[in-house]
Every structure is written in structure tokens, then in C-alpha cells.
Ligand code: FES
Ligand code: FES
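Chains as they are written, first to last, in the working numbering: chain G, 1 to 743; chain Y, 744 to 903.
Below, the structure is given as C-alpha cells:
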């Protein structure tokens, strides 16, 4: 049984009692009344949860997805501008607070899985079209004309026959009393004027003049600041704390023992940082102290060589050993634990009061934060208000609410609003990593150079159990808290028992190629090291494995790696198209300077096929890249320039991991702490990147993650082409050094 | 002690060894300068001290003395954006945006020293300013764009 994310979404929606949001804004008299009450309170027309039209003609768009760099503020504004007929500069965007009505993604209000554009395309346009129809109806009533004679343009309703106009702001009051239309017409994709243009990012100005407010910039009256001294080994508790000296230091308010560490609270954050080294703590020995990543790596490797739990078994992979005249290829790949390392360290501001909690969080999961803090305080979810700030990167780490609960604990202890800021070292060492993997492959090509068999056993640490508690937020509030918790835990129980497959570890594991004998196996491993979703999740390693191994088969068959893939993609026209376009744009087959090689890879993730060609060489044993070509088919590109930016970013993120990132731990201690020992790509490592977007009028698909998976294999394949060295272990720079020392 | 930031003098009451970053953010409320690593390895906290790019997270406020500090908030003149900020807007450079104050401050000093930088010079000046979102190709292009604008401005001034 293979299950993809969409199936999973159905399962989780079902679990939550069918929570997928309908896209009609009519149908309940309550909605009509709310619009009027809202007008009385604010003087603005708010036809639904996505937008507000003010009497001064400003359009305010509430974005329920977190803006973490992917450009969702801009694309929401574009969707609204399109259907409402206004200029982009008439629109202001802000982040919506956590609310059940926004729970669209896996039954959560969540920004992840490259879903932002796809999930908003219809509802946001519907929301704006609803407003448009109500404004038109209001104007027609005012003029006593037929609404069908009216149209909208640049923020006004226009009555053509009499050439009269009324601005939206002038209509705001009258529109409040118009009946909400049931099914307002949407523009045809062919008629789009805003969508599909490279409109400037709506958040760019505040991000170049320093005024953008990230979580770390939140100001709240009476706020105090905190850091948390986390144990050197995750899970350890403070047996004894000596904070005498620290308490005497300027500005220190309190030193508080928490289950997860010891918090130092001060008027200013710099005071907490100065005092922290004076706190002496004796830590307990947690279970993780028994464990080293090297052990996990070895166990994963040994396990991968055995048989795993079958996920798919087509034809008969037994022919690999049984049939004569086959060239058999065997290879093992490995990839390590990885941290997300967003540029803004985790932080959160929380004020726990007697009967209510207010939270300001750079989070990808507002309703998960709400649930988690409700659970900690014992309050109802509705008593926890979560404001979402701009996020200085997310990449999956900010789906986990751990740092927000920590902030709530500290606020609860000191009775004031607390801003908790993690150090970079906390951010690197406090867990929730991309899981470690070991992958064993066997394949065969026949005399005619066709791939005839493929067997893949993936061993990786399973993700769902560690993120299962967050699923409690799926369930409605009338479910008692304990029941929500048990339900969410049953889901991970199901995964662990094998009755629900681990979709995340196996996504992207099935090669898109026509190979008659195909078997996929998976074996989960569990360790106390917490893991979670990391940009592109399972695709981040499966893309590497599949696209490297198909390259190895091509070389075994003596075939050109591009043509070899091509001949097996008859049933995958979209993949074939991006592959062909990439080969053409990258001058595949044209001669290259001595020592430079080309590598190609194609992979579909989050419904978006992407192909890449990388030119690279080894210079004095160092990997150098010279050119990257990327072709993407993401349906209609809402904003082509943002799509290009997401591809560039995904590629560079993927290459940082491919080249040099790795989280290791010895006796439970994470060995990396900051950007010097967990290094990323820099400008000097980055070659020119060309991105081509396939013209399409299909509905938009994800772009935040799909640029990542093909990058590592395209690079490994290029290095092989250039030098004959096959890189199978990430990170490559370490892999190369090992290979060299063996020579 | 007294400290001059963006042309104004401020009196701050902090120990000498407090990093300038936190004085800017917490004592003066200028939050455009960001905290990324705290040990001079990422560039998010870059400001100018007497026109030179400095990592404020690792620069004790006591060492500033009477030198002039400029932050992202004080880069433009009379509310207008600096040519480098303008080029950043034009090129849709920011993604999450968190590193961009530092990138811009670093780029401004590069262009002062090298008004028409080569790719190698850009790489050398910018490679210690990290961007997790991967905006490097756009930063490179925006620096060249800003160089063109600044050259035109200089020409206009020379002509007049
Ligand atoms: S925060 Fe100063 S260089 Fe990173
Ligand atoms: S734009 Fe996000 S870190 Fe640079």
C-alpha cells in the first residue's frame, strides 16, 4: 500500500470530523450578521476572514499562512488584486491570528508541504470575488440600475451606460447590507492581469529598510527577556542549580528551573546573556547519553543490507540474481541528521495571565502553538490568542511548538510578558532534525541497455511519532483535551505498528521510470533524538538516491544519462518535458572545458516536477560548480519571479546539505553549534543559476520545496562525469576527504 | 557613556563589554540590525563604524568611542532609500529578509571601496554574509545594479 500526502490529508481530515474548509462564504445568517457587527465596531467592510475594505479605500488582506520568505503575502495580495480589480499598492497584508477557520492544511493552520499557493488559489480568489459582487450590488442599488451593467476597475465600481463611478471606500457601508453571494464568478485563468506577472514583493520595502517585524523584534509593554540554558544532552534535567551570583547581577529578575532547562530572566536580553555563565547547574544523565550518531549510522547501514518491510513489489526483482546476461549494479547511499538553521534563531513572546494567554510567535503552525499552550496552561484553546510575526526562515523547524511552550512556562513563572530568545547554539542543538538515512540499492540492466530491475531498501528514523503530538490541534475543541491527545497519539501508533505506512520517509522513493521489476522496502528506526520535517522531507534524500542510482545504471549500460532517463519516461510526460527542456537549456552534449562535468536529475515533489543540470569540477580536490540550469512546472506561476527565487533558494539549501552540513552527536552531545561548524553555502560557492518555468494554465502547485531534491544528485552526477568519483555519502566534502585518505 | 548612531548622540548606561548589537536593539530600540550567530560568523548584525563594516554582535560598545555608528535605519537620506536598498527592491532580493540588513550594510561598504566591483571582488566581500534562504544570485545582481546607479549619480554630479 502506498499512501501519499493527499491520502493522508483525507485521513486526518476524517479524524477531525471533516474539517476541510468549504470555499463558499455564504449560507449562514450568522455570517451576514457578523459583517454588520464588524462594520459597527470598526467602520470597515469585512465580507469574510480574508479581507477588509476600509472607507479610505485601503484593502487589508489577512494572510492565514506564515510569511517565511516564500512570498505568500505577495501572492495573496495578487490573488485579491486580480479578483477585486485593484492595484497592488492599494493592498496591505498582515498575518492572521491562529483560528480554527484557517485550518486548511492537513486539518491544521499550517505553512508547510509547499501548500501555500495551491491551497489559497481558490479560497482567496473566492473571498475577493465575493467582496467584488457585494460592492457591485451596493453600487447598483445606489444608482438603481441593473448590476449586470456594472463592472469593476482600479478600485471603483463603474456603471458604463451612465459612466458613473463609486470608489470601494464609498461603498463599504452599503455593501455590508448586501446578501452574501453563494457562488461569485471567478475570472478565467486566460483573463488574468495580475496573476502571472513578476509583481514586486509586497514585503520587500520593510525588509530593506530594517522596519520588518520578526518574532525577535516584537515589543510588548512591560516585557522582560529570557534565555534558557539547555542541558548539554537533550532530555537531561537540572539536579541542582546554583544561581546566587547570577541573581545579584544587574537587571536579573529570576532564574527559573524548567523541565527543559534553566531560564534566566532579565529586564534586557543582554543582561540575561551576561548572567548566564554564572549559573552553575548539575545535570542528570538522560537516556540519550547512551547514544552516538555513529552507532545509529552503523545500525542503519547493517539494517539496510537486510530485507525490509515491503512497500511495493511489482514484477519479480529476483531476476537480479536469477537471470543471466544482466549487468548488476549495487550501491549504498547515506545522509546524515540535519538542522534547519533558519537565520532567525527560535524565539517567542508570551504573556500568561490568569484567564488568558497572548502569544507573538514566528511559527509555521499557529493552531498547534495554540493547542500546545492550552495544554500547558490547562486553559481552553479559545483563551490562547496567537499572533503570527514574520519568520526569519522556517524550513520545517517552526512547525514544532517546543520553543513557544518554553516561553509560556517562563511567563507563567514570572507573571510578566516574556520574550524568550534562543542562542544560535540552542537553535542548532535542541533537536528536531532531518532524520538520518541509509539506503541500499540493487539494480540490473540487460544487454540492450534497459533497466530491468530495481530494488530499494530505505532505512531511516521515522518522523511521525515525534510530530504526532502536534496533530492534537486537528481535533475540535469540544473533544476533551485528553481525548485529543490520545487520538493524536493513536495516529502515530498506527504508523509505528505498520498499519499506516510511513509516508514521509518513503515520499519520492518510487522511481518515475518504467522498470518492470520494482521493489521498495522500508525499515523504520527509532532513537530518542527528536526529528521532524525538514525542507522537502523524504524527497530530500529519496531524490538524491533515486537520481544518483539511475545515473549509475546509465553508466553501467554505457548510455548517456539524459537519454537513458528519457527512454523510460513515456508514461510521465510532465517529467519528460522538464527533463528535455533542462537538457536543451543546459546545452547537454556540447563540449565542456577539461575537467568539467555535467550532471542531470529530475524529480517530482509536491506535485511539481523539476529538472536540473549542474556543471561542476574538482579543483585541487575541491568541488566547484560553474553553472546550474533549472526547469520547473508548477502549473500557473502566480508570480514567476517568486517562483524563480524559490527555485534558487531550494537549490542552494539542498547544496548546502549536499556539500557540508551534518549533525552528529557523541554520547548524546550534539557536536555542532553555530554556523562555523554547521556551515552553509556562501556567495563564492554559488554559480549562476538559470530558472525556466514551463508555461501553464493549470492550477498552481508547490514551489517552496521542489527545487531542492534534484540539486544534490545533479551535483553528484556532474562530479562523476568530471572525475569518475561517485559521491554516495552526504556531506560530499567529507566523503571526498575520506576517499582521498584511502588513496 | 555617549554613543553616536545615525547622526544623533545618545547616552546609554551599560557596561563597556556589552556588544553594540544589543545596545542598538534594546537600549535604542533599533531592531533593524539582527542577531544571527553572536560570534561574528554570519553577518546579520553588520553595521558601519566610521564607514567600515563591523559585526556588532562581537563589537563591545565601549570600543566605539566617538566614532560614528550607522545602522540600516540610518542608511538612506531624508527618508529616501539608499541606492543599494533601491537595487534590492528592484531585484526582489529578500526572501525571509532576516539577513538582508546585514547584506545591505556589507554591500554599501564594498561599493564605496570598489565602485565597479568584479564578480571576484563581490564574492570576496560578501561571502562572510550568510543567507539561509539562498538569495546570493540576486544579491550579486543587485550590487551590480546599484553600482550602475551610483556611477550615474556621480556622473550627474560631475556634470553639474
Ligand atoms: S550575529 Fe553578528 S555576525 Fe552573526
Ligand atoms: S533572506 Fe532569509 S536569510 Fe537571507
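Idealized CB from N, CA, C, for every residue including glycine. The model shown is predicted, which means the values in this text are computed figures rather than measured ones.
Within chain Y, no C-beta atom comes less than 8 Å from the C-beta of residue 202(G); the nearest is roughly 11 Å away. Pairwise C-beta distances place the segment 650-664 of chain G out of contact with the segment 220-230 of chain G, as fewer than three of them are shorter than 8 Å. Two segments are said to touch when three or more pairs of C-beta atoms, one from each, lie closer than 8 Å; by this definition the segment 603-611 of chain G touches the segment 577-592 of chain G. For residue 76(G), the uninterrupted alpha helix (DSSP H) run begins and ends at 72-84, by DSSP. In terms of Cβ geometry, residue 300(G) and residue 525(G) form a close pair [threshold 8 Å]. Among the residues facing chain G, residue 849(Y) is not included, as its CB has no counterpart in that chain under 8 Å away. Less than 8 Å separates the beta-carbon of residue 94(G) from that of residue 62(G). Taking the CA atoms as reference points, residue 343(G) sits about 29 Å from residue 413(G).
Under the rule that a run must span 4 or more residues, the alpha helix (DSSP H) segments found entirely inside the segment 600-673 of chain G read 640-660. When the alpha-carbon of residue 259(G) is set against those of 408(G), 731(G), 178(G), the nearest one is in 408(G). Residue-level contact by beta carbon fails for residue 519(G) and chain Y, as no gap is shorter than 8 Å. By alpha-carbon distance to residue 459(G), the top candidate from 170(G), 600(G), 527(G) is 527(G). Taking C-beta separations shorter than 7 Å and ignoring five residues to either side along the sequence, the partners of residue 481(G) in its chain run 375, following chain order. For residue 125(G) against residue 82(G), the beta-carbon gap comes to about 7 Å, under 8 Å, which counts as contact. Closest in alpha carbon position to residue 691(G), among 434(G), 98(G), 629(G), 473(G), is 629(G). Taking a C-beta distance under 8 Å as the contact criterion, residue 832(Y) and residue 886(Y) do not qualify as a contact pair. According to the DSSP secondary-structure assignment, residue 872(Y) is paired through a beta bridge with no residue. Contacts with chain Y at 8 Å (Cβ-Cβ) do not include residue 733(G).
Residue 432(G) and residue 532(G) do touch by the CB rule: their CB atoms are close to 4 Å apart, below 8 Å.
Taken through DSSP and simplified to helix, strand or coil, residue 805(Y) comes out as helix. Taken in chain order, the unbroken stretches of beta strand (DSSP E) that lie wholly in the segment 223-301 of chain G and span 3 residues or more are 224-229, 238-242, 252-258, 261-266, 280-283. In this structure, residue 336(G) lies away from residue 671(G), with their beta-carbon atoms at least 8 Å apart. In terms of side-chain proximity, the C-beta atom of residue 273(G) is found no nearer than 7 Å to any non-hydrogen atom of ligand 1.
Chain-ordered, the residues whose CB falls short of 6 Å from any heavy atom of ligand 2 come out as 69(G), 343(G), 393(G), 837(Y), 838(Y), 839(Y), 840(Y), 841(Y), 842(Y), 843(Y), 874(Y), 875(Y), 876(Y), 878(Y). At a threshold of 7 Å, residue 741(G) does not count as near ligand 1, since its beta carbon sits no closer than that to any of the ligand's heavy atoms. If the five residues before and after residue 559(G) are omitted, its C-beta is found closer than 7 Å to the C-beta atoms of 449, all from its own chain and listed in chain order. Taking 8 Å as the cut-off, the beta carbon of residue 855(Y) is found closer than this to the beta carbon of residue 794(Y). The nearest non-hydrogen atom of ligand 1 is less than 7 Å from the C-beta of residue 786(Y). The distance from the Cβ of residue 372(G) to that of residue 404(G) is about 7 Å, consistent with a contact at the 8 Å cut-off. Counting the other CB atoms within 10 Å of its CB gives residue 478(G) a total below 16, which places it among the exposed residues. Pairwise C-beta distances place the segment 634-647 of chain G out of contact with the segment 310-329 of chain G, as fewer than three of them are shorter than 8 Å.
Proximity of the beta carbon of residue 341(G) to ligand 1 is not indicated: no heavy atom of the ligand is located closer than 7 Å. In the DSSP annotation of this structure, the continuous segment of the alpha helix (DSSP H) that includes residue 123(G) starts and ends at 116-143. At the C-beta level, residue 246(G) and residue 255(G) come within 8 Å of one another. If you check each beta-carbon in the segment 771-803 of chain Y against every beta-carbon of chain G, the ones closer than 9 Å belong to 772, 773, 774, 775, 776, 777, 778, 779, 780, 781, 782, 784, 785, 787. Proximity of chain Y to residue 682(G) at the Cβ level (cut-off 9 Å) is accounted for by 866, 869, 870, 871, 872, 873, 874, 879, in chain order.
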